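Below is one structure; the comments refer to it alone.
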Amino acid sequence: MSAFFNLFKRRKVPLACMMSLDQGHVHTQACFVEIMPLSVVELFQSQGCVSCPPALPLIHDATNNPNLLLLTYDVTYWNSSSGWEDTFGSIHWDARQRQYVTKWGRNGLFTPQIVVDGASDGIGATKDEVNQIIVQAMEKRNGMTWALGIDRVGSELRLASELSEADMVYDVLLVTYDAALQTVKVGKGPNKGKKVPHRNVVKELMKIGEWKGGIETLPLPTPTNYGYERVALVQGGIGGPIVAALKLSRPARRFFCTGRITAILPVPFSDNAPGLGALVACLKMDNAFPANFDIATKKAKTVAGFNGAYTTAALCIWTQPGAPLYGVQETNGGLIVFVGGLPIFVDGFFVGAVGVSRGLE
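Numbering (full-length UniProt numbering), first residue to last: 1 to 361.
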């Protein structure tokens, strides 16, 4: 199996240590983590639902993870009974929720409801319950016997799998959402006076193509509102499982930091802020292969070069919570990826490999 497909089959995040076999590197050893695929958490809520205000902060907290994308759909079926018209409500989101309910053979709709990867669901009344629903969906995904890679190439979306013929026709969906955190004060009904929080409110959902196996390339529609974010989903028909997801980021902002941060490594740093997630800095080691640095910088949307001679220990300090580099792609609170040991993909783009400095400490 190729390295490309091996990458997308990874589902768990074990820690491991490895030694460099490349005599041209001065690194000795480092720990690395495997990249987890993006999971989609669809939240169906309503400003007229009495159960939503206390549950939503817990759901937001539990899904605040770079490996999870929360998408909020406000439904309208509580409007008449509550006397309040949901400001973000749409009958299209009623229909999407109903697709899941029908697929699973259920009779009624409820809010709040979270659906993870189109595979598992629940109310999400507690943080533990939300986590359990997420775990259930991941376990189902782990049981897949095939892998699907999804990537963006310019204005096109590329899907690739070793599976030449899929078990069903998969819909390729494009979801547009507002990444801003919004709070609405309800003016009528049982929630009158309460403030209902919203994260990643979905504005549009459209089908842009299908995937039936093998390799497929689809054109991406031009954004109509550059203030919103977009994500591509590959879903197994109406109400089926979501087997792949890819954020389609806006142009990245530049990387800003305080203090003198320098190093001597071929490291691309990615800003993990909502809706960005693009390469923002690439650090070149003196004896690194030129091709590695060239690939990383050419793929970068913005690049900041740093020079110096800092140790692994210093870099690890900078990646801890509260430090200037915390939150960049794959730092994971101090754990950084060994150069040459694991490729880094940002929103589906290969941007290089993240590593430590000289490995001296």
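Glycine residues also receive a C-beta, built at the ideal position from the N, C-alpha and C atoms. Since we're looking at a predicted model, the values are computed, not measured.
* Minimum C-alpha distance to Val50 - residue among Pro112, Ala137, Glu139 and Trp146 -> Pro112
* Between which two residues does the beta strand (DSSP E) containing Ile238 stretch? -> It is not in any beta strand (DSSP E) - Ile238 carries neither H nor E in the DSSP assignment.
* Asked: Are three or more beta carbon pairs between the region 169-183 and the region 196-209 nearer than 8 Å?
  -> Yes: the two stretches touch, three or more of their Cβ pairs being nearer than 8 Å.
* **Spatial distance of Gly214 from Val75 (CA atoms)** => 36 Å
* With DSSP as the reference, label Gln47 as helix, strand or coil. => coil
* **Contact check, Gly48 vs Gly189, beta carbons under 8 Å** => Yes, Cβ-Cβ distance for Gly48 and Gly189 is below 8 Å.
* Please go through the same chain and pick out, in chain order, the residues whose beta-carbon is closer than 7 Å to the beta-carbon of Ile59, but skip the five residues on each side of it. => Leu43, Pro112, Ile114, Gly124 and Val130
* To do: Take Leu157 and list the residues in its own chain whose beta-carbon comes closer than 6 Å to its own, dropping the five residues that flank it on each side.
  => Leu218, Leu220 and Ala232
* Asked: Less than 8 Å separating the beta-carbons of Leu148 and Ala244?
  -> Closer than 8 Å, so yes.
* To do: Within its chain, find whatever has a CB closer than 6 Å to the CB of Lys212; leave out the 5 residues flanking it on each side and keep chain order.
  => A distance below 6 Å between beta-carbons, with the five flanking residues on each side excluded, links Lys212 to the following residues of its chain, in chain order: Ala166 and Val169.
* Asp178 lies in the beta strand (DSSP E); which residues open and close that run? -> Tyr170 to Asp178
* Where does the unbroken alpha helix (DSSP H) through Met138 begin, and where does it stop? -> Lys127 to Asn142
* Asked: Which residues share a DSSP beta bridge with Val153?
  -> Glu156
* Asked: Roughly how far, in whole angstroms, is the beta-carbon of Val40 from the beta-carbon of Ile242, given that I think they are within contact range, below 8 Å?
  -> 5 Å
* Asked: For Trp104, is the classification buried or exposed, using 16 other Cβ atoms within 10 angstroms of its Cβ as the cut-off for buried?
  -> exposed
* What is the rounded straight-line gap between the Cα of Gln97 and the Cα of Leu56? -> Gln97 and Leu56: Cα-Cα distance of roughly 17 Å.
* **Through-space distance from Met138 to Met144, alpha-carbon basis** => Cα to Cα, Met144 sits roughly 10 Å from Met138.
* Exposed or buried, what is Ser155 when buried is set at 16 or more other beta-carbons lying within 10 Å of its beta-carbon? -> exposed
* For Ala232, the residue or residues it bridges with in DSSP -> In the DSSP output, where bridge partners are listed per residue, Ala232 has Leu174 and Leu246.
* **Helix, strand or coil at Ile114 according to DSSP, with G and I counted as helix** => strand
* Cβ-based neighbour list, Ile133, same chain, cut-off 8 Å, excluding 5 preceding and 5 following -> Only Ile114, Val116, Ser120, Asp121, Gly122 and Gly124 meet the Cβ criterion.
* **Cross-strand partners of Gly193 (DSSP beta bridge)** => In DSSP, Gly193 forms no bridge with anything.
* To do: Give the DSSP-derived three-state secondary structure of Tyr100 in the structure shown.
  => helix
* Asked: Taking C-beta to C-beta, are Gln136 and Gly239 nearer than 8 Å?
  -> No, the pair does not count as a contact, with Cβ atoms beyond the cut-off.
* **Which residues DSSP lists as bridging Trp93, in chain order** => Note: Trp93 sits in no beta bridge, so no partner.
* **Own chain residues within Cβ distance below 7 Å of Asp128, not counting five before or after** => none
* According to DSSP, residues forming a beta bridge with Glu210 -> Asp171
* Could you check what DSSP says for Ile215 in three-state terms: helix, strand or coil? => strand
* Asked: Quick one: what does DSSP say Asp61 is sitting in, helix, strand or coil?
  -> In the structure shown, Asp61 sits in a helix (DSSP, three-state: H, G or I).
* Asked: Around the Cβ of Ala160, are there at least 16 other Cβ atoms within 10 angstroms (buried) or fewer (exposed)?
  -> buried
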